[in-house]
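The structure appears right after this line, and notes come after that.
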Amino acid sequence: DVKVTQSSRYLVKRTGEKVFLECVQDMDHENMFWYRQDPGLGLRLIYFSYDVKMKEKGDIPEGYSVSREKKERFSLILESASTNQTSMYLCASSLAGYYGYTFGSGTRLTVV
Amino acid sequence: SQQGEEDPQALSIQEGENATMNCSYKTSINNLQWYRQNSGRGLVHLILIRSNEREKHSGRLRVTLDTSKKSSSLLITASRAADTASYFCAMERNNDMRFGAGTRLTVKP
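Residue numbers (my numbering), protein chains in the order written: chain A, 3 to 114; chain H, -2 to 106.
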């Protein structure tokens, strides 16, 4: 089975801190994605990547950046965490083409 | 953005009944997918229907797609308490995907 692993299940950070959320997949998927999920808003796409060193902005990239130095790892970076970035962050991966996504278990980030 | 809208937002039924959830979207798509999320966890892929398909089955799941109306429905037959979860439709186009806000299904034993 494909596995997508997010490094932390729960995270508490202070306002202004630089935060790294790590995501690793083990099935050689080309595509990787970062979403945030908030009540009533569903999942919103932050960034995605189709290949190593490639990145594309999603719908809400402001305040975030990403890094994909290796195919299996896609990192989400909060440059200066703010309270409005408190959310559930979900990483997903997929094969190129029309296939379903495999999601990680999520990281619930609280910024205080 | 091509986020979908799901209807209803919440649904409560008795075990054994059927549950129907609907999804509408705005732009053309390559395929539409349904996912399930148990409370506080990641999403699990349930079923994918391509834009040239009209109906698909998987176990107790039945999905329909009407591209002329830009809508889809997910039917869960003979529901069980373990089906309690949130269900999301997701529209894929050009290798990226947008999600609806989800339907919260509660199945009472």
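Every residue gets a Cβ at the ideal spot worked out from N, C-alpha and C, and that includes glycine.
Values in this document were obtained by computation on a predicted structure and should not be read as measured data.
**Request:** Would you kindly work out how many angstroms separate the C-alpha atoms of A/Gln27 and A/Glu74, rounded to a whole number?
**Result:** Locating residue 27 of chain A in the first sequence gives position 25, where the first residue counts as 1. Locating residue 74 of chain A in the first sequence gives position 72, where the first residue counts as 1. Rounded to whole angstroms, A/Gln27 to A/Glu74 spans 5 Å at the Cα level.
**Item:** Straight-line Cα distance separating A/Glu19 from H/Gly97
**Value:** In the second sequence, the residue the question calls residue 97 of chain H occupies position 100. In the first sequence, the residue the question calls residue 19 of chain A occupies position 17. Straight through space, the alpha carbons of A/Glu19 and H/Gly97 are spaced by roughly 31 Å.
**Request:** Give a yes or no on whether the C-beta atoms belonging to A/Ser96 and A/Phe76 are separated by under 9 Å.
**Result:** Mapped onto the first sequence, residue 96 of chain A falls at position 94. Mapped onto the first sequence, residue 76 of chain A falls at position 74. Contact: no.
**Request:** Could you tell me the distance, in whole angstroms, from the CA atom of A/Lys57 to the CA atom of H/Asn35?
**Result:** Sequence index remark: in the first sequence, residue 57 of chain A carries index 55 (1-based). Sequence index remark: in the second sequence, residue 35 of chain H carries index 38 (1-based). Each residue's alpha carbon lies about 29 Å from the other.
**Request:** Decide yes or no for the touch test of the stretch 6 to 22 of chain A against the stretch 47 to 67 of chain A: beta carbon pairs closer than 8 Å, at least 3 of them.
**Result:** no
**Request:** Can you say whether A/Glu71 is buried or exposed, counting buried as having 16 or more other CB atoms within 10 angstroms of its CB?
**Result:** The residue you call residue 71 of chain A lines up with position 69 of the first sequence. Burial call: exposed.
**Item:** H/Arg101, enclosing beta strand (DSSP E) - first and last residue
**Value:** On the second sequence, residue 101 of chain H is found 104 positions in, with the first residue counted as 1. That run of the beta strand (DSSP E) goes Thr100 to Lys105.
**Prompt:** If we ignore side chains and look at the alpha-carbon of each, how far apart do A/Cys93 and H/Asn92 end up?
**Reply:** Along the first sequence, read from residue 1 onward, the residue named residue 93 of chain A stands at position 91. Along the second sequence, read from residue 1 onward, the residue named residue 92 of chain H stands at position 95. The straight-line gap from Cα to Cα measures roughly 16 Å.
**Asked** Considering only C-alpha positions, which residue in the set A/Thr17, A/Leu23 and A/Gly108 is nearest to H/Gly39?
**Response** Within the second sequence, the letter at position 42 stands for residue 39 of chain H. Per the Cα distances, A/Gly108.
**Asked** Apart from the five residues on each side of it in sequence, which residues of its chain come closer than 6 Å, Cβ to Cβ, to H/Glu85?
**Response** As a position in the second sequence, residue 85 of chain H is number 88, starting the count at 1. According to the sequence displayed, residue 85 of chain H carries Phe and not Glu. Answer for H/Phe85: Tyr32, Phe96, Gly97 and Gly99, listed in chain order.
**Prompt:** Is H/Asp80 helix, strand or coil by DSSP?
**Reply:** By one-based count along the second sequence, residue 80 of chain H stands at place 83. Note: H/Asp80 maps to helix in three-state DSSP.
**Asked** What is the residue span of the beta strand (DSSP E) that H/Ile26 lies within?
**Response** Translated into positions along the second sequence, residue 26 of chain H becomes position 29. No beta strand (DSSP E) holds H/Ile26; DSSP gives it neither H nor E.
**Item:** Span separating the alpha-carbon of H/Ser68 from that of A/Ser10
**Value:** Here residue 68 of chain H is taken as the residue at index 71 of the second sequence, counted from 1. Here residue 10 of chain A is taken as the residue at index 8 of the first sequence, counted from 1. Each residue's alpha carbon lies about 36 Å from the other.
**Prompt:** beta strand (DSSP E) containing A/Lys72: first to last residue?
**Reply:** Against the first sequence, residue 72 of chain A aligns to sequence position 70. That run of the beta strand (DSSP E) goes Tyr66 to Lys72.
**Prompt:** Looking at chain H, which residues of the stretch 81 to 108 of chain A have a Cβ within less than 9 Å of any of its Cβ atoms?
**Reply:** Met90, Leu92, Cys93, Ala94, Ser96, Ala98, Gly99, Tyr100, Tyr101, Gly102, Tyr103, Thr104, Phe105, Gly106, Ser107 and Gly108
**Request:** Could you have a look at A/Asn86 and say whether DSSP puts it in helix, strand or coil?
**Result:** Sequence index remark: in the first sequence, residue 86 of chain A carries index 84 (1-based). Helix.
**Asked** Taking Cβ positions, are A/Tyr49 and A/Pro63 nearer each other than 9 Å?
**Response** If you number the first sequence from 1, residue 49 of chain A lands on position 47. If you number the first sequence from 1, residue 63 of chain A lands on position 61. Between A/Tyr49 and A/Pro63, the C-beta gap is smaller than 9 Å, which places the two residues in contact.
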